[in-house]
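Numbering (my numbering), first residue to last: 120 to 386. Yeah, the Cβ is synthetic: ideal placement off N, Cα and C, and Gly gets one too. Encoded as structure tokens, the structure appears first; notes follow it.
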DNA sequence: ATGGTAGCGCTGCTA
């Protein structure tokens, strides 16, 4: 079974690239973030043509998360189980069950700066995600929590830690919040399958030729429950998808993160 | 020289 997470930075702007990538890479489940479209505008037909059922949670302006699955899509829940009315329109999490595996597509708030209220909100959102696991998930089940966490777990997950003094994405509180989620009983699939750093990075700034300079970060993660971590076969980042292709539309600033599990996609 | 690029959408916000 192949599971992918990809922050596409606008699904409508990226649809052709996403379609081509799905056809070439054949994931069974693809979790998307930053679709930036409303539920009404979601291109359901484009995914159906490729054999994917989809579920989307978006408000049309910012954020937006989706799940595409070709092995079944049941028990869809947009938002948290007990959604705070103040955050219900943020559209940062959607969950569904695909052939017995519960999957969550998450887009963790950016945090902006260490002094901002958005940073406080980011930490609170991560705490809420941990609560969601406690309330809704069983440690013995097959569970995938994947998406853009906007956190580099270790210093080797950024190109130069000296550039990040006083910055978000690497602060101890953010890293501790991610550790608290992992401590529920989840494994970081990319790090598990790739014990050596740096990276592999999954995001590079559009600005300043960051991609070609290697100035990236590992902030998109696929977290697996024990049952799935036991059958982890491989995990990689598809850097090719981050490259520009001449006159075509720009790539997303994130690359797809691909995880392969040694189980039949229908089991 | 606190810069730079992309998306949304039309003004400035978000990342």
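- According to DSSP, residue pairing for residue 323 in a beta bridge involves 335.
- Scanning the region 153-189 for uninterrupted alpha helix (DSSP H) segments of 4 residues or longer gives 163-168, listed from N- to C-terminal end.
- Bridge pairing for residue 373: 322 [DSSP].
- Looking at the DSSP output, residue 354 bridges to 378.
- Secondary structure of residue 126 (DSSP, three-state): strand.
- When DSSP reads this structure, residue 261 sits in no beta bridge, so it has no partner.
- Distance between residue 230 and residue 381, taken at the CA atoms: about 36 Å.
- Unbroken beta strand (DSSP E) stretches of 3 residues or longer found wholly inside the region 238-285: 262-267, given in chain order.
- Our two residues, residue 260 and residue 310, have alpha carbons roughly 21 Å apart in a direct line.
- A distance below 7 Å between beta-carbons, with the five flanking residues on each side excluded, links residue 174 to the following residues of its chain, in chain order: 185, 186, 192, 195, 213, 215.
- In the assembly as shown, residue 235 is an exposed residue. Its beta-carbon has fewer than 16 other beta-carbons within 10 Å.
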